Structures are given as structure tokens and as C-alpha cells.
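Presented below is the structure to which this report refers.
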Amino acid sequence: MNIKTLLSYRGPFYIELISVFGSNVRSYTSEYSNANKKLFRIFIELAQNVSYYSEDFHLVNNESRIGVGELDLVEHESHFTFTTKNLVKKSDSKILIDRCNLINQSDQMELRQLKREQRLNSPGEKFGARIGLIQAVMLSQNKLQYNCEEINNEFAYLSLTVRIDKN
Amino acid sequence: MENISIKSSPETPYFPEVNFDSSTGICEIAGESYMEETYKFYLPLTTWIKEYISTIKKSIELNIKLIYLNTSSTKCILDILETLKDYEDDGGQVRVVWYYDKEDPDMIDEVEDFEAESGIKIELHELV
């Protein structure tokens, strides 16, 4: 089987769009019962990470911040890959890479513990629970692939890919 | 004390349906929860529960029938569970029931985490 792009988008991550794309993700993968629920949940977490944290963003009514970025959902022979890309501050990139490394070095039990601690200690409110990446890796049970490419002195482009096995 | 009733809509599937009844103390949250600014949606729900506990002071039952909630929503649900646990520790009568799809083991893990983090007993019932 050739690899097949199921969904590709670049622009602002409005909730209305995320919801429609999420519905598409469910229908495109409905024949894979194991992957179907996981893919939708990982999709929402990673898409909302872009929406909340991208340094390229739209301001709606001078209040709501809607992040701009990219997403790609690709079907392979035995799995799907879901990738998001968004702008981050260069000063934040090391923290984000360290976080990805910590997540990749942890097994399922350690991730579960990390998730519990992080959720209990997160400030909540507009910062959310800050456990989306942990949740995505726990659901996929595969390592996170990531890359941070410097754009200029101030910003970098962060790419995150999660693999979801079909069975 | 007024009830809370929020109906679900196909146009906004990221908002759950909510029914909080002050005459019975039965509260239900159902559907999916992955809206933006999650805390703005959940704040009135947490406030309602706190007011019920401090003014009506009767038994309260929380029925959760969420088939999906994003991680921001889990933080808000945890806040509600912690409020209920405090009420229970003060002598209040509390029941929490989580309705789950038997083909969704990830949700069962999530409920176990809620129990561990909040300290409150959560009954698991299969969704029918």
C-alpha cells in the first residue's frame, strides 16, 4: 500500500475546524476499532496544543488567542501518523525538547504517574492541565518523534509526530 | 437555587449536555467535552456544586456519561471531584457514578486516575 494523506491543513486552529476535522478522523479510520478512538483523542490533544500555545496566533475580539500551525494525518500499511507543527519561542524550545525526551524515556506506569502529578499541580484555568503530550504518548504506546528547527534568533518551528498502530 | 440545564447541539459537539437539579441533588454531565477555554465552561458548574453544598446541604449524586473529555476538561472534572470529596469528609452524602463504554479501556484507566487523585470512590457502570 502507498502512504495516503488523509488530512492536511495549515492555518488557524479554531475549535469549529478542529471539531469538523475530528469528525473526519473518526470516519476515515472507522474500520480500525483499536486506532479509531485513540486517533481522535490524540488528534484533539495535539490540535489544541497548537491552538493554545503556537506563537503565531490570531486574536479574536482582542481576547481569544487562536494558534496557527499545520497538521497532517497520513495512513501507512500498518499504522497512522499524526503530525502537528507550530511556531515556538527559541527560549522555550529547550524546555519542550527536554519534556519530549522525558516522555520518551518513561514507560507506561511512569507516564501515568507523571500525568497524575502534573494534573494535580497544574494551575488550571487558561493553562489547562498541561498533560496533552503525555496523554498522546500513553494512548499511542509509541515514542514521540519531534524536531525543532530554528527560524531566526527569536523563533523555532516545532514538529511533533505520533504513530498510532492500526491493530 | 436554580437548576443548570445545558442542551447538546450537533453544531457544537465539543460542549457536553449538563443537568444539575437542586431539588434532587442529581447532577449529570454527558456527551463530549473538548471546548476552548474549558475553565469558563466548568466554573459555573463548580460554583453551583459549592453553593448546593453550603446552602442545601443534602445528598448529592454526580453521574458522568462522558464518552470523551480532553485533558483540560479532566482538570476541571478533578476540581469537581475534589470539592465533593471535601463535602464527604465533612459528613456530606456523596455518590459519583461514571458510565463507560466497555470497549473503551482507556476511559477505565482515566477513572482509576480520578479516584486516586481525588480520593473519592467512583462507581463504574456500563453505558447501555
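Protein sequences appear in the order of chains A and B. To convert a position in the first sequence, counted from 1, into this note's numbering, add 25. To convert a position in the second sequence, counted from 1, into this note's numbering, add 679. Beta carbons are placed, not taken as given, at the ideal position from N, Cα and C, and that holds for glycine. Quantities reported herein were computed from a predicted structural model and do not represent experimental measurements.
Next on the checklist: Distance cutoff 8 Å, beta carbons only. Does Tyr693(B) sit that close to anything in chain A?
Outcome noted: yes
Checklist entry - Within 8 Å (strictly less), CB to CB, does Met714(B) reach chain A? => result For Met714(B), the answer is yes, since a Cβ of chain A falls inside 8 Å of its Cβ.
Checklist entry - Cα separation between Thr30(A) and Leu806(B)? => result 35 Å
Next on the checklist: Residues of chain A with CB closer than 7 Å to the CB of Ser749(B), please, in chain order.
Outcome noted: One point to set straight first is that residue 749(B) is Asn, not Ser, in the sequence displayed. Ordered by position in chain A, the residues that pass the 7 Å Cβ test against Asn749(B) are Ile69, Glu70 and Gln73.
Checklist entry - Beta-carbon of Gly92(A) versus every beta-carbon of chain B: anything under 8 Å? => result no
Checklist entry - Nearest to Thr725(B) by CA position, among Ser738(B), Glu761(B) and Tyr713(B), is which residue? => result Glu761(B)
Item to check | Reduced DSSP category for Leu169(A) - H, G, I as helix; E, B as strand; rest coil | outcome: coil
Checklist entry - At what residue ranges does the region 37-108 of chain A contain a whole run of the alpha helix (DSSP H), taking only runs of 4 or more? => result 40-53 and 58-78
Checklist entry - What is the DSSP secondary structure of Tyr747(B), reduced to helix, strand or coil? => result strand
Item to check | Same chain, Cβ closer than 7 Å to Tyr718(B), neighbours up to 5 away in sequence not counted | outcome: Within the same chain, Tyr718(B) has close Cβ partners Cys755.
Next on the checklist: I want to verify the contact list: residues of chain B whose CB lies under 8 Å from the CB of Leu64(A), in sequence order.
Outcome noted: Simply none; closest approach about 12 Å.
Checklist entry - Based on the DSSP secondary-structure assignment, which residues constitute the bridge partners of Phe699(B)? => result Ile683(B) and Cys706(B)
Item to check | Cβ shell of Ser58(A) (< 6 Å), same chain only, five flanking positions each side left out | outcome: none
Next on the checklist: Please list the terminal residues of the continuous beta strand (DSSP E) segment that includes Ile189(A).
Outcome noted: Phe180 to Asp190
Checklist entry - Secondary structure at Leu806(B), three-state DSSP: helix, strand or coil? => result coil
Item to check | Sequence-distant residues of its chain with Cβ nearer than 8 Å to Lys114(A) (five each side left out) | outcome: For Lys114(A), where only same-chain residues beyond five positions count, the Cβ hits under 8 Å are Glu80, Glu179, Phe180 and Ala181.
Checklist entry - If you draw a straight line from the C-alpha of Ile746(B) to the C-alpha of Glu711(B), how long is it? => result Spanning the two alpha carbons is a distance of roughly 6 Å.
Item to check | Alpha carbon of Glu715(B) to alpha carbon of Ser738(B), nearest angstrom | outcome: 32 Å
Checklist entry - Can you name, in chain order, every residue of its own chain whose Cβ lies under 8 Å from the Cβ of Ser55(A), other than the five neighbours on each side? => result Asn61
Next on the checklist: Between which two residues does the alpha helix (DSSP H) holding Tyr721(B) run?
Outcome noted: It spans Thr717 to Glu730 - the alpha helix (DSSP H) in which Tyr721(B) sits, taken as one unbroken run.
Next on the checklist: Check whether chain B comes within 8 Å of Ser44(A), counting only Cβ atoms and requiring the distance to be less than that.
Outcome noted: At least one C-beta of chain B is nearer than 8 Å to the C-beta of Ser44(A).
Next on the checklist: Which residues in chain B have a C-beta closer than 8 Å to the C-beta of Ser147(A)? List them in chain order.
Outcome noted: Lys754
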